[in-house]
Amino acid sequence: MLNKKIVFSGVQPSGNLHIGNYLGAIAQWVEMQDKYNCIFCVVDYHAITVKQEPAVLKKKIIEVAKIYLASGIDPKKSIIFQQSDISAHTELTWILNCVARISDLNKMTQFKDKAGEGQENVGVGLFDYPVLMASDILLYNTDAVPVGEDQVQHVELCRTLGRRFNSQFGETFKIPEVVIRKEGARIMGLDDPTKKMSKSAESEYNYIGLTDKPEIAAKKVMKAVTDSGKEIKYDEKTKPAISNLLTIYSLLVGKSVKQLESKYKGKGYGDFKKDLAEMVKKFLTDFQARYKKISDKEVERILGDGAKKAGAMADETLKRVKEKIGTI
Ligand code: ATP
Ligand code: MG
Numbered sequence: 000m001l002n003k004k005i006v007f008s009g010v011q012p013s014g015n016l017h018i019g020n021y022l023g024a025i026a027q028w029v030e031m032q033d034k035y036n037c038i039f040c041v042v043d044y045h046a047i048t049v050k051q052e053p054a055v056l057k058k059k060i061i062e063v064a065k066i067y068l069a070s071g072i073d074p075k076k077s078i079i080f081q082q083s084d085i086s087a088h089t090e091l092t093w094i095l096n097c098v099a100r101i102s103d104l105n106k107m108t109q110f111k112d113k114a115g116e117g118q119e120n121v122g123v124g125l126f127d128y129p130v131l132m133a134s135d136i137l138l139y140n141t142d143a144v145p146v147g148e149d150q151v152q153h154v155e156l157c158r159t160l161g162r163r164f165n166s167q168f169g170e171t172f173k174i175p176e177v178v179i180r181k182e183g184a185r186i187m188g189l190d191d192p193t194k195k196m197s198k199s200a201e202s203e204y205n206y207i208g209l210t211d212k213p214e215i216a217a218k219k220v221m222k223a224v225t226d227s228g229k230e231i232k233y234d235e236k237t238k239p240a241i242s243n244l245l246t247i248y249s250l251l252v253g254k255s256v257k258q259l260e261s262k263y264k265g266k267g268y269g270d271f272k273k274d275l276a277e278m279v280k281k282f283l284t285d286f287q288a289r290y291k292k293i294s295d296k297e298v299e300r301i302l303g304d305g306a307k308k309a310g311a312m313a314d315e316t317l318k319r320v321k322e323k324i325g326t327i
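Numbering (numbering that gives the first Met the number 0) for the sequence shown: 0 to 327.
Written out as structure tokens, the structure is:
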């Protein structure tokens, strides 16, 4: 555990995990496992910043951990745990709440997007979400945080809070770097290529769910909106929908966008979507075969094990923080 740099990241057990979560975040975690000491969290306290059905949340926590495992996160190499198992996360959040300013949080675009018009009536937790995320990251002396593009602003806030604490109380936290993929960091909605694919999207035609029935997912691809014209060409400005589908296709099959453009030269959207639908179907069929082999019991054991390992690291940091602020 000592020599390698530390990676920390997580996904909320809210809604249905989609191919954007996989391509933007989880797939790059899998690649980082050998080079780094990785810690992957199921961030259930983040999920409750919006309304969750308790019985559903409980199932989703297991589901997210299974998705990590089916994606190739190896519990022998990486720590996998559930956020609420380690109370240091919420304790550090309280302390960092006293370092964070309202003006820092007022800048967060995700809050504005999620709160919508009714900003005054949403829970305080949704506003404070980035401080909890900063605590998650800072507790583990994290060097690198691999996330999708939508989370970059939150990681920047984490850096600000870490630095501010360090200058107020003396060197305590390591300041982490954000890591985003060159391609796939922002997969867009199938029904609206101007907005990111999202678990909390209103329409299920927005996303390809990792647990969608493969035939249903294929149908979603066929129904995905396209752009004017008929050429298969990557151009985010004039062809946002086709560019998004090209990115998904390219990452799923490991071929460059350029290769795909020449493969579909002279062909139309219909042919292109039919092939992509087939690829998505195959990807999900293989993924779900791995997913089904993992039992709930095994997941519970892995999460319990992970909580022990992560808990020891988190407690050490929290102790250091408490000494610095003068409570112990
Ligand atoms: P929600 O709508 O509930 O916020 P979400 O789809 O944004 O759900 P999160 O759990 O918030 O999912 O994010 C998990 C990880 O997936 C983060 O690293 C985030 O940056 C990444 N991610 C989320 N959506 C996308 C996307 N459309 N493209 C690429 N990465 C994404
Ligand atoms: Mg999100």
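A virtual CB, placed ideally from N, CA and C, is assigned to each residue, including glycine.
Span of the alpha helix (DSSP H), counted from its first residue to its last, around residue i
i, result
"Phe80", "Premise fails: Phe80 lies in the beta strand (DSSP E), Ile78 to Gln81, not in any alpha helix (DSSP H)."
"Glu148", "Taken as a continuous stretch (DSSP letters only), Glu148 belongs to no alpha helix (DSSP H), as it is neither H nor E."
"Val224", "Unbroken run through Val224: none, as it is neither H nor E."
"Glu62", "Pro53 to Ser70"
"Phe172", "From DSSP, Phe172 is part of no alpha helix (DSSP H); its letter is neither H nor E."
"Ile301", "Asp295 to Ile324"
"Ile25", "It is not in any alpha helix (DSSP H) - Ile25 carries neither H nor E in the DSSP assignment."
"Gln109", "Thr108 to Ala114"
"Leu16", "Neither: Leu16 is in no alpha helix (DSSP H) and is coded neither H nor E."
"Asp270", "Tyr268 to Lys291"
"Tyr128", "Val123 to Leu137"
"Lys257", "Val256 to Lys262"
"Asp84", "That residue, Asp84, is in no alpha helix (DSSP H); it is neither H nor E in DSSP."
"Asp103", "Ile101 to Asn105"
Anticipated Cβ contact below 8 Å, residue i with residue j, distance rounded
i, j, result
"Arg180", "Lys195", "With 8 Å as the limit, Arg180 and Lys195 do not qualify as a contact, their Cβ atoms being about 14 Å apart."
"Asn165", "Thr316", "Incorrect: roughly 13 Å between the Cβ atoms, too far for contact."
"Leu138", "Ala87", "6 Å"
"Val49", "Val10", "So it is not a contact: roughly 15 Å between Cβ atoms."
"Gly188", "Ala200", "6 Å"
Closest Cα partner of residue i within the set the options
i, options, result
"Lys257", "Lys219, Lys59, Thr326 and Ser242", "Ser242"
"Gly269", "Met221, Tyr290 and Ser255", "Met221"
"Phe80", "Phe39, Phe110 and Glu62", "Phe39"
"Asp226", "Ile78, Lys272 and Gly183", "Lys272"
"Glu214", "Glu277, Arg162 and Ile231", "Glu277"
"Asp33", "Pro12, Ala64 and Asp73", "Asp73"
"Asn36", "Lys57, Tyr67 and Lys3", "Lys3"
"Gly325", "Lys229, Ser70, Ile94 and Val42", "Ile94"
"Ala26", "Val146, Glu260 and Val121", "Val146"
"Ser197", "Ser8, Met312 and Gly23", "Gly23"
"Ala288", "Thr210, Ile47 and Glu260", "Thr210"
"Asp285", "Ser70, Pro192, Glu260 and Asp135", "Ser70"
"Asp142", "Val121, Glu176, Lys113 and Val123", "Glu176"
"Val151", "Lys59, Ala133, Lys57 and Arg163", "Ala133"
"Ile136", "Cys157, Leu245, Asp190 and Asp149", "Cys157"
Limits of the beta strand (DSSP E) - the one that residue i falls within
i, result
"Phe39", "Asn36 to Val41"
"Ile5", "Ile5 to Val10"
Strand pairing of residue i, partner residues [DSSP]
i, result
"Lys238", "Asp234"
"Lys198", "BP columns for Lys198 are empty, so no partner."
"Val178", "Pro145"
"Met187", "Lys195"
"Gly208", "His17"
Check whether the region 232-241 touches the region 52-72, taking contact to mean three or more Cβ pairs, one atom from each stretch, closer than 8 Å.
no
Looking at C-beta atoms only, is the number of pairs between the region 125-134 and the region 94-113 that lie closer than 8 Å three or more?
yes
Using 8 Å as the Cβ pair cut-off and three pairs as the minimum, do the region 242-253 and the region 291-302 touch?
no
Do three or more CB pairs link the region 195-207 to the region 2-20 at distances below 8 Å?
yes
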